[in-house]
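*Asks:* To convert a position in the sequence shown, counted from 1, into my numbering, add 116.
What follows is a single structure, and I will ask about it in a moment.
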Amino acid sequence: MSLKSADIKRIAHLARIEVNDIEAEATLSKLTGILGLIEQMQAVDTTGIVPMSHSQDVTQRLREDIVTESNQRELFQSIAPAVEEGLYLVPKVIE
């Protein structure tokens, strides 16, 4: 994919960023390099390679999923200013 300086200026306009000619040319060269790298990476044959979620084959130690506190919903709602059908009622802040 080839970009032109006009493409950079259009993108900058859409993003509401002011870009002069020198900055547009610098950005064009950087984006061209990035897009070239992406094309190189897409050209690599990855058939038969299993996707991985992490670069190392490690597992995270997890704690047991055990309830450690009792349900205090009734207590907390008893001291709330306004509750209806188990939900806290709050004042409207946005019209």
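Don't be surprised by glycine CBs; every beta carbon is placed ideally from N, CA and C.
With 16 other CB atoms within 10 Å as the buried threshold, where does Ile-150 fall?
*Replies:* Counting Cβ neighbours within 10 Å, Ile-150 comes out exposed, since fewer than 16 surround it.
*Asks:* Where Ile-165 and Glu-155 are concerned, what is the direct C-alpha to C-alpha distance, given to the nearest angstrom?
*Replies:* Taking the straight line joining both Cα atoms gives about 19 angstroms.
*Asks:* Please say whether Ala-140 and Ser-121 have beta carbons closer to each other than 8 angstroms?
*Replies:* Yes, the Cβ-Cβ distance between Ser-121 and Ala-140 is below 8 angstroms.
*Asks:* Give me the DSSP bridge partner(s) of Glu-200.
*Replies:* In the DSSP output, where bridge partners are listed per residue, Glu-200 has Leu-203.
*Asks:* Going along the chain, which unbroken runs of the alpha helix (DSSP H) with 4 or more residues stay wholly within the stretch 126 to 201?
*Replies:* Taking only runs of at least 4 residues, the alpha helix (DSSP H) segments lying wholly in the stretch 126 to 201 are 137 to 159, 189 to 194.
*Asks:* Measure the alpha-carbon distance for Arg-179 versus Ser-186 and round it to whole angstroms.
*Replies:* Those two C-alpha atoms are separated by around 19 angstroms.
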